[in-house]
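S.K.: Chains A and B supply the protein sequences, listed in that same order.
Here the first sequence is numbered in the numbering used here, starting from 1 and rising by one per residue.
Here the second sequence is numbered in the numbering used here, starting from 224 and rising by one per residue.
Pasting a structure here, questions to come.
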Amino acid sequence: MSDIREASVEPANDRLPGGVLLQLAPFLVLAAAGVWLAAIWDQLPAQMPVHWNWRGDADRIVTRTPLNGALPLMLGGSLCLMMMGMQLGIRHGAPRATMRTSTLKVLLAGEFFVAFVCCGVLASMVTGGRLLAPVLAGCFAGVAAMLGVTWMLVRNVPRAAQRNPAAWHAGFIYIDRNDPAIFVPKRLGVGYTFNFGNPLALVLTAATFAIPLLAVLLALTAR
Amino acid sequence: MMLRIDMDAGDPVWRQIADQIRSLLVAGRLKPGARLATVRELAIDLGVNHNTVAEAYRRLAGEGFISLERGIGAVVVDRPPPRAPAGEQERFARKLRELVAQARAAGLPAQSVQAALEKAAEEVP
Chain A
1 MSDIREASVE PANDRLPGGV LLQLAPFLVL AAAGVWLAAI WDQLPAQMPV HWNWRGDADR
61 IVTRTPLNGA LPLMLGGSLC LMMMGMQLGI RHGAPRATMR TSTLKVLLAG EFFVAFVCCG
121 VLASMVTGGR LLAPVLAGCF AGVAAMLGVT WMLVRNVPRA AQRNPAAWHA GFIYIDRNDP
181 AIFVPKRLGV GYTFNFGNPL ALVLTAATFA IPLLAVLLAL TAR
Chain B
224 MMLRIDMDAG DPVWRQIADQ IRSLLVAGRL KPGARLATVR ELAIDLGVNH NTVAEAYRRL
284 AGEGFISLER GIGAVVVDRP PPRAPAGEQE RFARKLRELV AQARAAGLPA QSVQAALEKA
344 AEEVP
């Protein structure tokens, strides 16, 4: 298979979508929730539910401590930070293409979704589960909206040219040590995959697992 | 303005990059003052080592087509028309004969080769 590569000689003109304000907005949402939490702190019960079973009954209760109270916001903040990192990684480490701009927008939308879900979880906690049902409904609606947004953004994106046929292994693993890209267009499907020939890709893969895992461990060890 | 690089061609990649950018510059499609993609951007887009793109840019800077400044990148400069050095006409004629021979050996008819040469001469002012 021939290996023809194309690129524009003009400089990139795409930026992170929405500018600084929109990029910071998910974190501001979480911060606002944190301020609200601090304002009502003394009114909160000594014990707060943090997990509910499928019947809607609280099956895990924790003591009211600043760490326990802030856990949903910390989880949201870490996930938003990770997704912003992915935006920066794709903006500066993936080849330019229409798909790059669309992917950045989907990631930003995802940050907003995560921020609002985590605020919803916090609201459920502090209200003893009374807001659980509307929060869950909001989550499902949010997932549907995210799928719709993603579909709208990617449906007309032209398929990226296959990059270096010899670097693909098992059909979906890309390894090219001479390729400086961190992310490359997937060979199958839509989106990006790591270039595992770039050492940074291994670091980012580990971080993708480690950050959410750490947040979950913190949540599970909360008393 | 797109570059098209054949990774399996005999020509080194840096030379293909330099040749294609030079063609755009000589044809006037890149104006003085225009910025080129950074070394990093072009390297990532093409999936080649940074040094490959850097070499192409260094060659073009050495020929006076672009300037390379840290923090600014590659910028097209207003290059005065050069004076052809002695023997350039013969060198060019020899390269052209070799190119025509390669095209004919690959099976291209003489008329196609002639038409392509005339088109190329018209496209580049």
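Ideal Cβ placement from N, Cα and C applies to all residues, glycine included.
Give every residue of the same chain whose Cβ lies closer than 8 Å to the Cβ of residue 100 of chain A, excluding the five residues on either side of it in the sequence, and list them in chain order.
M.R.: Your numbering for residue 100 of chain A matches position 100 in the first sequence. Contacts found: 14, 90, 91 and 94.
S.K.: Three Cβ pairs or more, each shorter than 8 Å: is that satisfied between the segment 240-255 of chain B and the segment 282-293 of chain B?
M.R.: yes
S.K.: Quick check: the Cα distance between residue 175 of chain A and residue 130 of chain A, rounded to an integer number of angstroms?
M.R.: For the purposes of this step, residue 175 of chain A is taken as residue 175 along the first sequence, with counting starting at 1. For the purposes of this step, residue 130 of chain A is taken as residue 130 along the first sequence, with counting starting at 1. Each residue's alpha carbon lies about 50 Å from the other.
S.K.: Within this structure, are the beta carbons of residue 44 of chain A and residue 126 of chain A separated by less than 8 Å?
M.R.: Residue mapping note: residue 44 of chain A aligns to position 44 of the first sequence, counting from 1. Residue mapping note: residue 126 of chain A aligns to position 126 of the first sequence, counting from 1. Yes. Within cutoff.
S.K.: Residue 269 of chain B touches chain A at which residues, Cβ-Cβ below 7 Å?
M.R.: By 1-based counting over the second sequence, the position of residue 269 of chain B is 46. Near residue 269 of chain B (Cβ distances below 7 Å), the residues of chain A are 5 and 7.
S.K.: Residues of chain A with a CB under 7 Å from the CB of residue 244 of chain B: which are they?
M.R.: Here the question's residue 244 of chain B lines up with position 21 in the second sequence. Those within 7 Å of residue 244 of chain B in chain A are 9.
S.K.: DSSP has residue 193 of chain A in a bridge; who is on the other side?
M.R.: Here the question's residue 193 of chain A lines up with position 193 in the first sequence. Residue 193 of chain A pairs with A:184.
S.K.: With 8 Å as the threshold, decide whether the Cβ of residue 191 of chain A is near any Cβ in chain B.
M.R.: Counted from its first residue, the first sequence places residue 191 of chain A at position 191. Judged by the 8 Å Cβ criterion, residue 191 of chain A is not in contact with chain B.
S.K.: Taking Cβ positions, are residue 11 of chain A and residue 282 of chain B nearer each other than 8 Å?
M.R.: As a working note, residue 11 of chain A is residue 11 in the first sequence. As a working note, residue 282 of chain B is residue 59 in the second sequence. For residue 11 of chain A and residue 282 of chain B, no; Cβs fall outside 8 Å.
S.K.: Going straight from the alpha carbon of residue 135 of chain A to that of residue 32 of chain A, what length do you get?
M.R.: Along the first sequence, read from residue 1 onward, the residue named residue 135 of chain A stands at position 135. Along the first sequence, read from residue 1 onward, the residue named residue 32 of chain A stands at position 32. Near 18 Å, if we compare the C-alpha coordinates of residue 32 of chain A and residue 135 of chain A.
S.K.: Hey, does residue 264 of chain B have any beta-carbon neighbour from chain A nearer than 8 Å?
M.R.: Along the second sequence, one-based indexing puts residue 264 of chain B at 41. The beta-carbon of residue 264 of chain B is placed less than 8 Å from the nearest beta-carbon of chain A.
S.K.: If you pair each beta-carbon of the segment 164-182 of chain A with each one of the segment 264-281 of chain B, do three or more pairs fall below 8 Å?
M.R.: yes
S.K.: I want to know whether the segment 148-156 of chain A touches the segment 234-253 of chain B - three or more CB-CB distances under 8 Å.
M.R.: Taking 8 Å as the limit for Cβ pairs, the verdict is that the segment 234-253 of chain B does not touch the segment 148-156 of chain A.
S.K.: What does residue 226 of chain B pair with, by DSSP beta-bridge criteria?
M.R.: Residue numbering aside, residue 226 of chain B sits at position 3 when the second sequence is read from its first letter. In the DSSP output, where bridge partners are listed per residue, residue 226 of chain B has A:7.
S.K.: Would you say residue 283 of chain B faces chain A, with C-beta separation under 8 Å as the test?
M.R.: Residue mapping note: residue 283 of chain B aligns to position 60 of the second sequence, counting from 1. With 8 Å as the cut-off, residue 283 of chain B does not count as an interface residue toward chain A.
S.K.: At a Cβ threshold of 8 Å, is residue 260 of chain B touching chain A?
M.R.: By one-based count along the second sequence, residue 260 of chain B stands at place 37. Closer than 8 Å: yes.
S.K.: Quick check: the Cα distance between residue 195 of chain A and residue 213 of chain A, rounded to an integer number of angstroms?
M.R.: Here residue 195 of chain A refers to the residue found at position 195 of the first sequence. Here residue 213 of chain A refers to the residue found at position 213 of the first sequence. Distance between the alpha carbons of residue 195 of chain A and residue 213 of chain A is about 23 Å.
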